[in-house]
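What follows is a single structure, written as structure tokens, with notes after it.
Number of protein chains: 2
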Amino acid sequence: MLLLVWTLLNAVSGLKADDGGMVEELVTEKEAEESHRQDSVNLLTFISLLTLTILTIWLFKHRRVRFLHETGLAMIYGLLVGVILRYGIPATSYHNKTPPSCSLKEGPSSTLLLNVSGKFFEYTLKGEISFREIHNVEQNDMLRKVTFDPEVFFNILLPPIIFHAGYSLKKRHFFRNLGSIITYAFLGTAVSCFVIGNLMYGVVKLMRAVGQLTEKFYYTDCLFFGAIISATDPVTVLAIFNELHADGDLYALLFGESVMNDAVAIVLSSSIMAYQPAGANTHMFDASAFFKSVGIFLGIFSGSFVMGAATGVVTALISCSFTKLHCFPLLETALFFLMSWSTFLLAEACGFTGVVAVLFCGITQAHYTCNNLSEESTKRTKQLFEVLHFLAENFIFSYMGLALFTFQKHIFSPIFIIGAFVAIFIGRALNIYPLSFLLNLGRRDKIRGNFQHMMMFAGLRGAMAFALAIRDTATSARQMMFTTTLLIVFFTVWVFGGGTTPMLSWLHISKTKQESAWLFRLWYTFDHNYLKPILTHSGPPLTSTLPSYCGPLASCLTSPRAYEQLRDPDTDLIHNDADLTFTFGDTAITANGASTSRADATGGLGWSTNGKRSGSTSEEALERELDSREQELLSRGTRLVFPMEDHI
Amino acid sequence: MLLLVWTLLNAVSGLKADDGGMVEELVTEKEAEESHRQDSVNLLTFISLLTLTILTIWLFKHRRVRFLHETGLAMIYGLLVGVILRYGIPATSYHNKTPPSCSLKEGPSSTLLLNVSGKFFEYTLKGEISFREIHNVEQNDMLRKVTFDPEVFFNILLPPIIFHAGYSLKKRHFFRNLGSIITYAFLGTAVSCFVIGNLMYGVVKLMRAVGQLTEKFYYTDCLFFGAIISATDPVTVLAIFNELHADGDLYALLFGESVMNDAVAIVLSSSIMAYQPAGANTHMFDASAFFKSVGIFLGIFSGSFVMGAATGVVTALISCSFTKLHCFPLLETALFFLMSWSTFLLAEACGFTGVVAVLFCGITQAHYTCNNLSEESTKRTKQLFEVLHFLAENFIFSYMGLALFTFQKHIFSPIFIIGAFVAIFIGRALNIYPLSFLLNLGRRDKIRGNFQHMMMFAGLRGAMAFALAIRDTATSARQMMFTTTLLIVFFTVWVFGGGTTPMLSWLHISKTKQESAWLFRLWYTFDHNYLKPILTHSGPPLTSTLPSYCGPLASCLTSPRAYEQLRDPDTDLIHNDADLTFTFGDTAITANGASTSRADATGGLGWSTNGKRSGSTSEEALERELDSREQELLSRGTRLVFPMEDHI
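Keeping their order, the protein sequence lines are chains A and B. One point on numbering: in UniProt numbering, the residue at position 8 of the first sequence is 8, and numbering is uninterrupted. One point on numbering: in UniProt numbering, the residue at position 646 of the second sequence is 646, and numbering is uninterrupted.
Encoded structure:
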């Protein structure tokens, strides 16, 4: 492995030496070429890291090593390369000159023209840099070059990760625990954010008292830190859950919480950034500014939600109306990919949060569009996003490892770091235990003590916290936060991630039987009777679920294939190439719908009858449906690669 | 469709209106945000275009419309959006000010610091712009924004297209016609380049004579134009060939030529750029500069070739030694993807041409690595690159349509355009007919007249010509070339692409029987006996093909699975889930190898015996192998989406 890294480094130094000869070329062309080569080398470094990670993961999987997840491994490799880049390469720069500087009276604009003896050159703004860094530019060009634009994380790496999370949500357990997940994600993250923010504000005051802090560090900065560090990412824990087939409900709680709180944290942090009180002293409480922030939070969140869900629905409608698209899986897959990506862009273009929109788009796609896709395309899209997610996640984690040594603006403040570790522990505790207590008051199957301890333990921080922290490292407060976030991610992924297996056996967590929640039942009835028939070819025809006076509209909206299913309820089973025999929940419900529609024809009281009937039978039917859906996934012959995505 | 475009435009204008309110924010932040939104809207425009293209293609495929290929369609949609952007939006800019400018005495560097009252801002060089454009910046900001960095084409869009072309080369017909393909690609492209270059130089002289040209236009510029326009891309023709199951050899000749001449053209054009005679008058012939260019051509081409093939071989070795990687198709796919990408980056980092390296990497991967991948991964990688290729190709073609109206520096010169159309016709004719005549002297199965006419007709220009032309549009000569290239692509794709079906029936082209070429036989024997056993698990063990004194080395290099195959030659057949029965060429050869190795043990004259035996039986065996390989592809149950990729 070191050999590979060494080769890379040689390539880098080779480039430096290579460049001396071509003096006749223009400086600009030469520098552009050099910068392009440098970019190639940087990317190559990461790709080699990922390759190494993959080969080592394979070794680990082969030997059933569970204490270190691939993300942890990626971080270790990143760290090693970071150390080599930092200490292995002489600090001299091949640049060898301070960049030229010019002065203007007006504020900076995005474009600047440079006039060199009549020729004009166009420059684009990269950002503000402090006076201290100007010399760093000179000295550590190599280290600086390995740094990516933070927006790369938000626009390229996070979307596939988050989309995949939404797309692979296991609906059964997710919707069963929807209320609890939303409580943990919204209320829990808010609690965690405010607890951590206030505790850190105490820490900051302490630091100022002992003379460890001289620069500005406002209350809003502390709250911002609370927001970014509240996004949990128990990827390691969940992978082990899957391998050990641990409890499905606990999995859903943890996975659902982590997926949703990523969305909450990202919107929360931008709302806090938008919190700008009228006075100069920005750590005072200002009611109007506070409500403005709350309004921004609600606006961005609901806007992103609506946008994501809407694109998902549009895709479902397109794939539903272009039925013969089935015959061209490549077109279907491409369409699916483009529509999912356009959600992100549409949200960003409208000023909402693309990542959040993509999450809800993923959930909607998995729920509706997937039913309309051909079997081939379902597999293709799943695999496509699986690969993208895998590459993006491991890239981020190896970049984290690299950043610890190569990032130029680290501020290691022991008091702040210790304070942060204590604060996230307290924040997590005040999130999980009180909310679990409250939730248990309303839940039929309580969240038991060992589950609560496991959730407490699984508060790992990961890609989202890192991406939020690196987004803005302009002030020293933000730099301190970034360093601390990095250390927290390292510690939690390695220590808590590695300790999952012993913890699970210590807490005696295994599979348990579950019941459905009322929120789920309510949603299921609405979804099954109205949304599915419109957006997909499955489910009962609308003519049987809508009141009789809506007859013409209903028959217009119902897909002809829904009737086909009524006529021949066994067709679906014929398509299955596995030997498993099971009844399709949908078919059962369809039969039920058919009998109701017959009652409808005789009595005209279809709606209320149907409403009650589906209410009374829904519980069994939906259990069957969800069961069969999951078995179906298994029976389709997809090899289970990372059990996390395919089956709980 | 227009509705969608309209929505987009509204979104754009909405953004403009939206922005006025937030005056308290910093100009930089606001501009960065604005630019981010703008980027999102631009990408969204293209994604909507692609979505529309996909839906229309589906309609066309569904109704078996063959006269317009998806790429032609993408161009039409691009054109429409271009017209709307150009004429539908008022030309006022929301920027409303000329960018500030500052003066320096020294030449431009890649980084510039701006000092605004003590605060330093960092700017990166975008490129030189002429004085005329500074005002364009002001006026047509919207149109300008929709323009991508040309390097995007080379670094993001072309690699998957070219890799896929290499990866999906049908080995049977490709290697059978290897000699002819190389002749057309190297000699033919060189002939075409020089013919077109010289003719265009005449046209340029004519233009100067009639006063149509006042700016500089050197002989090297003409040659450069010859190089970029010599890259053929008969994607439309080949798609129809597939659908109609036209002659396999003709397909191989056309596809092979187009794939290889892309590589030749890209290297040729950069060699011509490097041609800088010592004197000031750069259109004089300078022997040393000429030979330097030839040297550069050979250096870059062979370097890229070696690099691509080497990475392919390394991947094959990795996938061969990590045999249990089979159980984790995700890891395998990710590894395959990363290794292929690293070829590109490695070549770029070393100063070679990434696109060319990727082509040869694709060919090597298809030949060796594919044998080591699990069935699941073979399908996955195929589908992954299929989707990437599809998206990238259609993106480029819709961008071409868009560029006709939105590109700011078009120079429409009627004489030049007419001259270019005549020149590419003559260039193509002087490439195909004389070379076919020469090739027919040596070929057993001649390239018949109707094939030659079809090849002449199939000289479509596409993505590569466009990408090479847009790479540098600094001088007016280059701008004229770019405009002309665009028009040539439009014309050839629509007219020649649309006329393929009538042309095929007019020329009476159907399937014919073929024989193997000597070059192919030579290569096959070496490859089958030595390379395949080392790099894959198939083929005879090295112990039977290497001379006996190499015994220890041979048994060390031979994979244990090769012996397993010997013991149980039917295992491969069991894995097949289709009902087709056929014999595996490999198995037959293995049995042959086994008997030879027995002879080896008794006589010790293994090498010469084996050499002769495999020589005498190779023809039948390789026919069988290639046949079964293709049948296998069919029998694996992959639905044939675009027949082009899967089967001739």
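Just so you know, even glycine gets a beta-carbon here, dropped at the ideal spot from N, CA and C. No experiment lies behind these values; they were computed from the predicted model shown.
- Residue-level contact check: Cys222(B) does not touch chain A, since none of the beta carbons of chain A fall below 8 Å from its beta carbon.
- Between Arg448(B) and Phe496(B), the alpha-carbon positions lie close to 20 Å from each other.
- DSSP places Ser168(A) outside any beta strand (DSSP E), giving it a letter other than H or E.
- DSSP places Cys320(A) inside the alpha helix (DSSP H), whose first and last residues are Ala287 to Ser321.
- DSSP places Cys327(B) outside any alpha helix (DSSP H), giving it a letter other than H or E.
- Of all residues in the segment 338-364 of chain B, those with a C-beta nearer than 9 Å to a C-beta of chain A are Leu338, Met339, Trp341, Ser342, Phe344, Leu345, Leu346, Ala347, Glu348, Ala349, Cys350, Gly351 and Gly354, reading in chain order.
- Not flagged as an interface residue toward chain A: Leu317(B), since no C-beta distance is shorter than 8 Å.
- When only Cα atoms are considered, Lys170(A) and Val259(A) end up about 12 Å apart.
- In this chain, the beta strand (DSSP E) harbouring Leu104(A) covers Ser101 to Leu104.
- Under DSSP, Arg471(A) shares a beta bridge with no residue.
- In this chain, the alpha helix (DSSP H) harbouring Asn440(A) covers Pro414 to Gly442.
- Per DSSP, Ile396(B) is one residue of the alpha helix (DSSP H) stretching across Glu375 to Thr406.
- Nearest CB-CB separation between Phe385(B) and chain A: not below the 8 Å threshold.
- Contacts between Cys102(A) and chain B, judged by CB atoms closer than 9 Å, involve Cys102, Ser103, Leu104, Leu112, Leu113, Leu114 and Asn115 in chain order.
- The residue among Gly82(A), Gln365(A), Met464(A) and Leu331(A) with its C-alpha nearest the C-alpha of Thr56(B) is Leu331(A).
- For Leu504(B), the closest of Ala334(B), Lys216(B), Gly427(B) and Ala239(B) by C-alpha to C-alpha distance is Ala239(B).
- Contact of Phe297(B) with chain A by beta-carbon distance below 8 Å is absent, the smallest such distance being about 17 Å.
- For Glu70(A), the enclosing alpha helix (DSSP H) covers residues Glu70 to Val83.
- Counting only runs of at least 4 residues, the segment 190-276 of chain B fully encloses the following alpha helix (DSSP H) elements, listed from N- to C-terminal order: 219-229, 235-244 and 248-274.
- By the neighbour-count definition (other C-beta atoms within 10 Å, threshold 16), Ala463(B) is a buried residue.
- When the Cα atoms are used, Ala246(B) and Lys61(B) turn out to be separated by approximately 18 Å.
- The beta carbons of Met75(B) and Ser436(B) sit about 31 Å from each other, so the pair does not count as a contact at 8 Å.
- Looking at Val191(B), Gln38(B), Leu244(B) and Thr51(B), the one whose alpha-carbon comes closest to that of Arg64(B) is Leu244(B).
- Taking each of Met454(A), Leu535(A), Ser103(A) and Gln479(A) in turn and checking the Cα distance to Gly499(A), the smallest one comes out for Met454(A).
- The beta carbon of Arg380(A) falls within 8 Å of a beta carbon belonging to chain B, placing the residue at that interface.
- At a cut-off of 8 Å between C-beta atoms, Lys61(B) counts as an interface residue with respect to chain A.
- With contacts defined by Cβ atoms closer than 8 Å, Val41(B) and Ala392(A) do not form a contacting pair.
- The CB of Ser48(B) comes closer than 8 Å to the CB of Ser342 in chain A, given here in chain order.
- By the Cβ-count criterion, Lys216(A) is exposed, with fewer than 16 other Cβ atoms from all chains shown falling within 10 Å of its own Cβ.
- At least 8 Å separates the CB of Tyr399(A) from every CB of chain B.
- Counting only Cβ-Cβ distances below 8 Å, Thr51(A) has contacts in chain B at Leu335, Leu338, Met339 and Ser342, in chain order.
- For Leu391(A), the residues of chain B that pass the 9 Å Cβ criterion are Ala334, Phe337 and Leu338, in the order they occur in the chain.
- Collapsing the DSSP output to three states places Arg176(A) in a helix.
- Between Ala289(B) and Ile228(B) the beta-carbon gap is near 20 Å, outside 8 Å, which marks them as no contact.
- Between Phe526(B) and Leu346(B), the alpha-carbon positions lie close to 28 Å from each other.
- Residue pairing for Arg461(B): DSSP places it in a beta bridge opposite Thr232(B).
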